[in-house]
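The sequence shown begins at 5 in this note's numbering and counts up by one.
Take a look at the structure below.
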Amino acid sequence: MELKIVSDDELTKRIDHQIRNVFHIAFEENQLLELGKSYQANIHHGMQHTKDLIALSKQLIFKLKKEEEIDWKVLTISIILHDLFAEQDIYNKTTITHGKKSVDFFNTNFKSYFSVEQCKKVEEAISTHDEKSTEYLNYRESLCLESKILYDVDNLDAFGVKGFYRYVAIYQLKGIPFDHILGNVENRFRLLNFNESKEIGRVEYERITCLCKNYNSSRDREVSFIISFIALYPSISPSKIAIEALLLPAYLPGSWDNRGTFHKYFEELYQIYSKKN
């Protein structure tokens, strides 16, 4: 039998086609069409987070050389739904996790589009995506590949300039002290499933831990100012926050090199989110 060689370009097109099909099912054939407005408007857990995780998933899976093993349909719907109810957790304290709510939503609205085996994988991936306990280390090897990928890319999206913004805004809404960010970040990195994930995220991880350590150890003036400014507007789009920050007169004069951490941080935050919009 002749072996058919599939080029990277052909494979990428095939993968993108599978991903688009799931988005079509989710947003044009199903109830997410009704939820779409609030979902897409959700700054921290909505459509932008979903698209970023899709991009990170592609990067990680190709680095792992698992592109032919992964079930892209399972992974894509898991990414779309995993944080669907995360915003509710912020404002409505409940014993039911947002992951469990998403699993219930999947079973009610999407089960018919997937095989029994695929449904089990989706339920597992969504249920375990936010697990941060040490016990996770004891059972993660038994999880499906899709679960491990979702877990890692969701954590990778919490690092760097973007991650620091999301942490501060969400912790402000939840009423969690900002000096708790560092421990959570370190735990996320420690619990990543793949060394390749750590390779992808190491630079951004080091950047966010540097900001956190400067704040925790000495209440660094400029990092404290960054936190205070984000905390004033936790529900406003990051690009708008960045523009407001960059218009502050105290930070406008002088060359780029004379501008401090505050200005450079919001300049990069604006660049990150303006490219996405």
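Ideal placement from N, C-alpha and C gives every residue a C-beta, glycine not left out.
Values in this document were obtained by computation on a predicted structure and should not be read as measured data.
- Under the three-state reduction of DSSP output, THR16 falls in the helix class.
- With at least 16 other beta carbons inside 10 angstroms of its own, ALA129 counts as buried.
- Ranking THR132, THR138, ILE81 and THR101 by CA distance to the CA of PHE110 puts ILE81 first.
- Only residues of its own chain outside the window of five on either side were considered, and among them LYS166 have a CB closer than 6 Å to the CB of ILE276, listed in chain order.
- Just so you know, the alpha carbons of GLU272 and ASP224 end up roughly 19 Å apart.
- Taken in chain order, the whole alpha helix (DSSP H) runs of length 4 or more contained in the stretch 209-277 are 225-236 and 242-250.
- Rounded to whole angstroms, the separation of the alpha carbons of LEU215 and VAL78 is 36 Å.
- By the Cβ-count criterion, GLU203 is exposed, with fewer than 16 other Cβ atoms from all chains shown falling within 10 Å of its own Cβ.
- Around the beta carbon of GLU72, fewer than 16 other beta carbons sit within 10 angstroms, so the residue counts as exposed.
- Between the C-alpha atoms of PRO238 and PHE31 there is a straight-line separation of about 27 Å.
- Annotation for LEU85: SER106, PHE109, PHE110 and ILE130 place their beta carbon closer than 7 Å to its own, counting only its chain and skipping 5 residues before and after.
- Collapsing the DSSP output to three states places GLY187 in a helix.
- With fewer than 16 other Cβ atoms inside 10 Å of its own Cβ, GLU139 counts as exposed.
- DSSP places ASP161 outside any alpha helix (DSSP H), giving it a letter other than H or E.
- The beta carbon of THR132 lies closer than 6 Å to those of SER151 in the same chain, with the five residues before and after it left out.
- Nearest neighbour of GLU135 by Cα position, chosen from ARG194, ILE245 and ASN46, turns out to be ARG194.
- With a minimum length of 4 residues, the unbroken runs of alpha helix (DSSP H) contained wholly in the stretch 101-180 fall at 102-113, 120-132, 140-143, 149-160 and 164-178.
- LEU236 and VAL207 have their C-alpha atoms roughly 28 Å apart.
- Of VAL172, GLN52 and ILE29, the smallest CA-CA separation from LYS279 is found for GLN52.
- Rounded to whole angstroms, the Cβ separation of LYS55 and GLU200 is 21 Å, and the two are not in contact under 8 Å.
- The beta carbon of ASP156 lies closer than 7 Å to those of LEU64, LEU196, ASN197, PHE198 and SER201 in the same chain, with the five residues before and after it left out.
- Taking the Cβ atoms as the reference, ASP75 lies roughly 7 Å from GLN122, within the contact range of under 8 Å.
- In this model, LEU147 and HIS48 are separated by some 26 Å (Cα to Cα).
- For ASP56, the enclosing alpha helix (DSSP H) covers residues 51-68.
- Closest in alpha carbon position to GLU91, among ASN46, ASP183, LYS124 and SER61, is ASN46.
- PHE89 carries a coil assignment under DSSP once its states are collapsed to helix, strand and coil.
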